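The block underneath contains the structure these notes are about, expressed in structure tokens.
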Amino acid sequence: IRHCCQHIILPTWVERPPINLGEKIHGKLKAETVLTLFTVVLPLVLPEIWSRAGASDRHRILLANFAHLVAATNIVAAYATSDALADAYLEHLMEYRRSRTLLWPDLHAVPNDHIALHTADALKFWGPLPPLSEFAFERQNGVLADISTNNRLYDMDLTMLRQICRRGRLEARIRDGSDNPEVQKLYSLLVPGAASSAPRALTAEDEIALHKYDAPLSESDYDLVFNYLHSRDGTWRRYDALPHPPQPRIVPLRARSIVTTEIAGRTFDIHQSHIGNSSIRFYMPGNPAETSSGFIKAIWTMAIEGELRTFLGVHTHVALAAPNAPLSPYIDLP
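So the sequence shown is numbered by the numbering used here: it starts at 158 and just counts up by one.
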């Protein structure tokens with residue numbers, strides 16, 4: 158487990174669990190680090206330990222018990238959910254508790270076991286739970302704790318509580334999209350650097366400067382970009398679909414290739430630059446119910462209709478070949 162903590166490839170924005178895991182010297186782990194440990198690191202290690210040749214029946218039950226717990230945790234920690242996922246969460250949780258009874262028949266349930274059963278209803282009622290979790294409010298408490306009150310507690314309601322609520326509402330409005338330059342300017346003062354990622358209209362000078370670094374896309378790469386845009390809006394045309402009608406919407410042939418980009422505060426790189434930052438799981442274009450995963454092979458930016466757009470070209474993973482599939486320790490796990 159410590160070897161995996163040290164050598165596992167992670168994105169730069171994911172905190173690595175300590176390589177001396179289990180020793181008192183590293184102190185108490187943060188909740189996010191515990192989540193990484195149990196949903197990323199241990200699922201890579203425990204199947205190899207508990208499913209190796211000669212593993213006992215107890216080890217197999219242990220592995221299934223752990224897998225159902227991780228599957229339930231992944232659903233709770235996700236930023237997208239559905240009624241079907243909420244039902245799947247409850248099923249995983251019940252299987253976890255059943256296998257736990259087989260492993261430790263004398264272990265009694267605790268209040269948290271009961272509370273966790275209600276999470277399925279919360280998923281259906283509230284939707285994704287991370288935005289409602291205590292982490293964001295703990296950060297707010299940290300911001301409030303750093304503010305000097307000068308012992309004027311009677312002013313806290315106006316200067317701290319009300320203003321922080323106003324700031325939250327303002328951030329929500331801007332993140333949902335605001336084209337008002339004055340509002341964007343105010344937001345840049347409240348949250349330095351955050352507004353820079355918001356899309357803005359390109360001026361003619363901007364487009365001329367961008368074209369200095371453009372190069373023609375290969376035929377296959379152009380097809381990827383065109384097919385993506387065309388699947389979302391059928392009015393787009395290829396650059397070579399001549400003759401064009403009046404005022405056509407043409408997908409440009411030229412684009413700028415970059416190695417890294419930042420989306421929602423997270424850094425993404427091409428595979429040759431950083432393997433961890435290039436690992437991505439995404440919803441399939443045109444089918445939000447289907448997901449896929451792979452490595453980012455290329456990142457392109459191009460000016461389209463006065464806006465700078467960024468496209469990620471992904472080399473998707475493929476399933477194991479039939480002769481190798483039965484050898485996977487994950488084949489029977491949720």
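Just so you know, even glycine gets a beta-carbon here, dropped at the ideal spot from N, CA and C.
These numbers were taken from a predicted model, which means no experiment stands behind them.
- Within the DSSP secondary-structure output, I453 pairs in a beta bridge with V471.
- Residue range 199–207 is occupied by the alpha helix (DSSP H) that includes E205.
- Looking at G391, N384, S430, the one whose alpha-carbon comes closest to that of I415 is S430.
- Taking C-beta atoms as the reference points, D312 and K281 fail to come closer than 9 Å.
- Straight across, the Cα-Cα distance linking L219 with L343 is about 54 Å.
- Assignment of A273 by DSSP, reduced to helix, strand and coil, places it in the helix class.
- Rounded to whole angstroms, V233 and F195 show a C-alpha spacing of 13 Å.
- In the three-state reduction of the DSSP assignment, E362 falls in the helix class.
- DSSP places T418 in the strand class (E or B) of the three-state scheme.
- For D489, the closest C-alpha among the options L346, L167, W170, S208 is that of S208.
- In this structure, the beta-carbon distance from I437 to G451 falls below 9 Å.
- When DSSP reads this structure, N298 sits in no beta bridge, so it has no partner.
- With a threshold of 16 other beta carbon atoms within 10 Å, T316 falls short and is exposed.
- Remark: C-beta atoms of S256 and A228 do not approach each other more closely than 9 Å.
- Distances from the alpha-carbon of C161 to those of L289, L178, R395 put L178 closest.
- Rounded to whole angstroms, the Cβ separation of I453 and G433 is 11 Å, and the two are not in contact under 8 Å.
- A distance below 7 Å between beta-carbons, with the five flanking residues on each side excluded, links P200 to the following residues of its chain, in chain order: V227.
- The C-alpha of D371 is placed about 16 Å away from the C-alpha of L359.
- Around the Cβ of Y379, a 10 Å sphere holds 16 or more other Cβ atoms; the residue is buried.
- With 16 or more neighbouring CB atoms inside 10 Å of its own CB, T193 falls in the buried class.
- Your pair A460 and L374 does not check out as a contact, with CB atoms roughly 14 Å apart and the cut at 8 Å.
- When rounded, the separation of the alpha-carbon atoms in A266 and G443 is 44 Å.
- Relative to P491, the option among T230, H183, Q163 whose CA is nearest is T230.
- Excluding residues up to 5 positions away in sequence, F425, I456, T467 lie with their Cβ nearer than 7 Å to the Cβ of T418 in the same chain.
- DSSP places W393 within a strand segment (E or B) once states are collapsed to three.
- Within the model, the alpha-carbon separation for D278 versus S435 is close to 35 Å.
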